[in-house]
Amino acid sequence: MACVGGARHARKVTRRSSDEERLLRARGALAEGDLRRAVRHLAEALARDPGREDARALLDEVLTRASEPLGLFAAPGREPEHYKTLALYAYALARAGRYQEALDRLLRVASLAPGIPYLDWAREWLDEPAVAEGVDPIRFCEGLARWLGRYASPRPLSEHERRGLEHLAPVLERLLERHGEVFGLLILSASALRRVGRHRAALDCAERAYALQPGWHAATSVALVHREARRVDDAIAWYERALEHDPTDISARLDLGDLLRGQRRLEEAARYYAEVLEREPDHAWAVPSLLWVRWLQSEQREWLDRLVDLAGGHPPNERARDLLGELASASKAYAAYLPEPVEASVSFLRRMGPELPEGRRAVLTIRGFEGPSARRAVAMHLLRKGPRRFALELRTRALPSPDPRRPRGPVEYLLWEFEGLRPVAAVSPPPPGPCLEELLAIARAPYELEAWAEQGRALGERWGREALPVLLGSMAHPPEPPDDRDAWSWVRHVLFAAALALAYVDTGWRGSLRRLVLLSLARGPMDWSVEAAVVALAHLARSDPEIEQEVAGELIDMATSIPRPGRCCYEPAVLIQLLELPSLPPELREPLEAQLDALFED
């Protein structure tokens with residue numbers, strides 16, 4: 001560390017020495033009467049620090065000595081090309097009282113080198129009321145619009161770009177004091193200020209613009225400020241107002257779709273994306289966005305397959321690629337969506353497509369083990385197609401070790417037992433009634449962990465221990481899926497909804513029923529119910545250090561005893577949830593991350 005600190009100090013000393021040397025050379029050139037050479041050295045020095053007083057004083061002296069000061073910076077009739085010299089040219093224009101022209105050039109410089117605070121000069125000029133009054137706000141807006149146009153894409157600002165807009169903010173404040181009734185200046189100021197987090201000032205500008213000219217442009221400006229400030233409901237209301245002003249607009253509909261999708265208000269989001277596609281059927285943002293929302297709503301593979309086709313097209317759709325990147329992100333798995341099942345039988349039937357051949361029988365030999373819930377989902381899928389239409393026989397080439405049919409540890413509650421390789425439910429089907437209906441209402445909704453956990457809490461607290469036969473029975477005997485759901489998606493939804501409700505059938509931890517049941521499920525035979533219990537346990541662990549300590553130990557044991565060979569359905573959940581726990585020992589993090597990366601690459 002001493003060497004690093006010494007190197008940094010040496011660099012600072014070197015920079016200071018270099019700056020002093022430039023000023024020394026500028027003074028020497030001035031003494032020799034070579035004013036152009038003096039300007040070149042000063043341009044370099046002031047690019048390091050535009051506020052340096054001794055450098056500015058020397059520049060003032062150079063400009064005073066020159067018979068034609070503006071001619072020092074470029075050939076007659078031309079302007080400097082390099083931003084460092086152009087900045088000094090703007091300085092000279094202001095010194096000559098030509099402030100409008102100086103501002104025009106300084107805006108151009110700021111757009112080229114936003115990280116250098118040249119705009120501090122403009123702030124000083126505008127401190128003079130007469131200068132601010134004399135600025136043509138329309139002309140200023142033209143230059144500002146060209147600058148802000150560079151940031152039209154949704155990418156985040158770089159640090160240099162952000163600093164440039166922060167230096168612009170005081171300039172805007174001074175101009176708004178004198179020209180606060182100019183619509184364009186208000187709109188552009190709102191745009192610049194919101195991008196650097198000055199939401200109150202930005203909202204004031206946008207609302208004043210709307211008061212001046214109520215219409216689509218100003219309403220959208222207000223909406224954008226609210227969106228940047230994460231006031232989602234206000235943003236939605238103002239986007240809808242913008243559409244009242246211009247019912248044909250597409251951009252507001254796209255923003256509404258994106259906002260509503262982020263709020264998991266998927267049906268509303270789908271409506272706005274669909275309205276865009278009514279106007280532009282091939283819109284490059286709306287098409288993949290609607291496919292994504294449809295997949296979130298139903299988890300039917302066809303929507304995802306179409307998104308994959310878009311991402312891999314010629315040319316590829318970048319929005320589709322970004323959305324699939326979200327899906328591949330381990331950080332969002334089990335929080336925003338349920339990862340795809342790993343079972344070979346599910347993948348096989350998906351590849352077969354919706355129309356299975358009549359009267360055919362297939363034998364699928366796997367290297368590994370597929371749990372009872374996956375088998376139940378496959379049976380549901382085939383039965384939906386017709387009992388005699390297609391048959392699938394699953395054969396196991398090699399049973400993994402440790403034996404996935406046996407619990408990993410002591411359990412009090414067991415969903416499944418086995419007769420050889422055949423699973424047999426160890427609990428009765430769920431009794432019908434309002435508790436079951438409440439559970440299925442959760443399962444029918446698009447998956448989102450926090451929302452489901454809140455609904456599970458309400459169910460668990462309302463029914464308490466009485467819910468146990470319903471919740472465990474539903475996990476082993478899930479009802480038939482709705483028509484718009486794949487069987488495997490539906491079964492997993494029921495399992496996760498039940499596990500999250502089990503997390504709240506009572507309170508406390510040591511000696512609680514919820515601890516006993518969830519740990520029993522997590523230790524049970526390999527199955528999607530283990531995956532669901534792991535996510536429910538980790539959800540509780542994140543809010544309670546006592547629970548976290550025990551759950552971390554349980555998940556570490558699971559991660560280090562995954563049945564092999566073959567894929568294990570609960571392995572992704574164990575790794576992802578474990579890596580999110582703060583108490584995970586540092587020496588385990590790297591190997592577990594490598595294990596997870598290998599899964600997602602696969």
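Here the sequence shown stands for residues 1 to 602, where the numbers follow the working numbering.
Note that CB positions come from ideal geometry on N, CA and C, so glycine has one too.
In this text the structure is predicted, and so the values were computed from the model without any measurement.
Using a threshold of 8 Å, state whether the C-beta atoms of residue i and residue j are closer than that.
| i | j | result |
| --- | --- | --- |
| residue 92 | residue 69 | yes |
| residue 555 | residue 574 | yes |
| residue 439 | residue 533 | no |
| residue 567 | residue 528 | no |
| residue 570 | residue 530 | yes |
| residue 26 | residue 41 | yes |
| residue 415 | residue 426 | yes |
| residue 216 | residue 242 | yes |
| residue 346 | residue 379 | no |
| residue 369 | residue 400 | yes |
| residue 502 | residue 471 | yes |
| residue 171 | residue 122 | yes |
| residue 494 | residue 443 | yes |
| residue 377 | residue 488 | yes |
Determine the extent of the beta strand (DSSP E) in which residue i is found, giving its start and end residues.
| i | result |
| --- | --- |
| residue 343 | Counting along the chain, residue 343 falls outside any beta strand (DSSP E), and DSSP gives it neither H nor E. |
| residue 366 | 360 to 366 |
On the DSSP letters alone, give me the boundaries of the alpha helix (DSSP H) that residue i sits inside.
| i | result |
| --- | --- |
| residue 85 | 83 to 95 |
| residue 475 | 468 to 476 |
| residue 335 | No alpha helix (DSSP H) contains residue 335, which DSSP labels as neither H nor E. |
| residue 577 | 571 to 579 |
| residue 512 | Taken as a continuous stretch (DSSP letters only), residue 512 belongs to no alpha helix (DSSP H), as it is neither H nor E. |
| residue 129 | 129 to 134 |
| residue 123 | 119 to 126 |
Would you tell me roughly how many angstroms separate the C-alpha atoms of residue i and residue j, rounded to the nearest one?
| i | j | result |
| --- | --- | --- |
| residue 412 | residue 293 | 40 Å |
| residue 418 | residue 424 | 6 Å |
| residue 561 | residue 156 | 42 Å |
| residue 109 | residue 94 | 15 Å |
| residue 597 | residue 88 | 53 Å |
| residue 288 | residue 310 | 7 Å |
| residue 85 | residue 193 | 28 Å |
| residue 580 | residue 565 | 26 Å |
| residue 55 | residue 23 | 7 Å |
| residue 523 | residue 435 | 26 Å |
| residue 550 | residue 595 | 22 Å |
| residue 74 | residue 185 | 32 Å |
| residue 165 | residue 258 | 26 Å |
| residue 102 | residue 587 | 59 Å |
| residue 140 | residue 246 | 28 Å |
| residue 162 | residue 114 | 8 Å |
| residue 71 | residue 100 | 19 Å |
| residue 420 | residue 410 | 21 Å |
| residue 348 | residue 231 | 45 Å |
According to DSSP, simplified to helix, strand and coil, what is residue i?
| i | result |
| --- | --- |
| residue 390 | strand |
| residue 423 | strand |
| residue 369 | coil |
| residue 158 | coil |
| residue 248 | coil |
| residue 73 | coil |
| residue 220 | helix |
| residue 416 | strand |
| residue 397 | coil |
| residue 231 | coil |
| residue 465 | helix |
| residue 56 | helix |
| residue 564 | strand |
| residue 32 | helix |
Taking buried to mean at least 16 other C-beta atoms within 10 Å of its own C-beta, is residue i buried or exposed?
| i | result |
| --- | --- |
| residue 318 | exposed |
| residue 508 | exposed |
| residue 160 | exposed |
| residue 343 | buried |
| residue 182 | buried |
| residue 67 | exposed |
| residue 213 | exposed |
| residue 577 | buried |
| residue 583 | exposed |
| residue 547 | buried |
| residue 539 | buried |
| residue 371 | buried |
| residue 281 | exposed |
| residue 131 | buried |
| residue 299 | buried |
| residue 405 | buried |
Measure from the C-beta of residue i to each C-beta in chain D and report whether the shortest distance is under 8 Å.
| i | result |
| --- | --- |
| residue 479 | The structure shown contains no chain D; it is built from a single protein chain. |
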